[in-house]
Each structure stands twice: as structure tokens, then as C-alpha cells.
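Report on the following structure.
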Amino acid sequence: MARAVDGTRRKDRREAILKQAKGYWGRRSKLHRTAKDAVAKGLTYAYRDRKVRKRDFRRLWITRISAACRNEGMSYSRFINGLNKAEVSINRKVISNLAIEDPQAFQELVAVAKKGLGEKA
């Protein structure tokens with residue numbers, strides 16, 4: 001009976017790892033053992049940072065809204081509180097885009113927030 005050797009499966013597995021490590025620097029892209037570790041760590045970072053990206057974008061939107069609110073003489077927290085009291089439900093991504101692309105519409109939103117707080121617009 002012929003001797004079974006783990007030839008193609010082993011090679012395919014190693015090639016798959018090296019393919020994932022393509023673009024890595026030095027021996028991390030050439031040698032299977034170091035590439036395996038580098039790919040495992042890279043996939044861990046990728047998984048973690050898919051969650052972190054959402055936090056980072058929300059932080060960016062809040063910063064932009066806050067800056068636009070300051071130009072209108074209002075703090076971010078009072079602006080959001082005013083929108084909540086006025087029962088306006090727009091997410092922060094849309095508000096941020098309004099602040100950048102359509103300042104007039106953002107000013108109207110600030111007026112709605114002030115009205116929700118009971119201030120004079």
C-alpha cells in the first residue's frame with residue numbers, strides 16, 4: 001500500500017497563510033512560522049478595530065457638532081438636550097454633515113433646540 005503524505009493540504013494551508021501575510025515586512029511575509037504569528041495578530045487587531053472604528057467616528061461627529069454649536073453660542077450638551085426635549089431624533093452623523101455642508105439648516109436645528117429648551121431663538 002502506498003504511503004500517504006500530507007503534501008498538498010500542507011502546502012495549501014501554508015500558501016493561504018503566506019497569501020494573508022502579503023505586504024508584511026521582511027520575514028513576516030516570507031517564512032510560514034513568523035507569518036502565521038503575524039497574521040494571527042493582524043486578524044486580532046482587525047476584529048478589535050472594527051469595533052473601535054465606530055467609537056472613533058462617533059467621537060469625530062460629536063467634535064464637529066460641538067464646534068458648530070459653539071459658533072452659534074451654545075454648548076453641545078445643551079444642543080442635544082434641546083433636540084431631545086423638542087422630540088427631534090436625528091443621529092449625530094447626519095447632524096455633523098448638516099453642520100459642514102448646510103450651515104443654514106444647522107442654524108435652524110439650533111433654533112429648534114433653543115425652542116425645546118425654552119430659550120429665545
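Using the UniProt record's numbering, the letters of the sequence shown map in sequence onto residues 1 to 121.
Each residue gets a CB set at the ideal place from its N, CA and C atoms; glycine is no exception.
Quick caveat: nothing in here was measured; it's all calculated off a predicted structure.
Inter-residue spacing [alpha-carbon to alpha-carbon] between Val88 and Arg50: 29 Å
Mind checking Val110: buried by the 16 CB within 10 Å criterion, or exposed? buried
On a CA-only basis, which of Ile90, Gln20 and Arg14 is nearest Ile62? Give me that one, please. Ile90
CB Ala35 to CB Ala21, shorter than 7 Å? yes
Which of helix, strand or coil does DSSP assign to Ile90? coil
Contact check, Arg14 vs His32, beta carbons under 7 Å: yes
What first and last residue would you give for the alpha helix (DSSP H) that runs through Leu83? Tyr76 to Lys85
Taking the alpha helix (DSSP H) that Lys30 belongs to, which residues open and close that run? Taken as a continuous stretch (DSSP letters only), Lys30 belongs to no alpha helix (DSSP H), as it is neither H nor E.
Can you tell me where the alpha helix (DSSP H) holding Ala111 begins and where it ends? Pro103 to Leu117
Smallest Cα separation from Glu72: which of Tyr47, Val112 and Asp12? Val112
By a C-beta neighbour count over all protein chains shown, 10 Å radius and 16 as the cutoff for buried, is Ala16 buried or exposed? exposed
Do you know how far the Cα of Lys54 is from the Cα of Gly116? 29 Å
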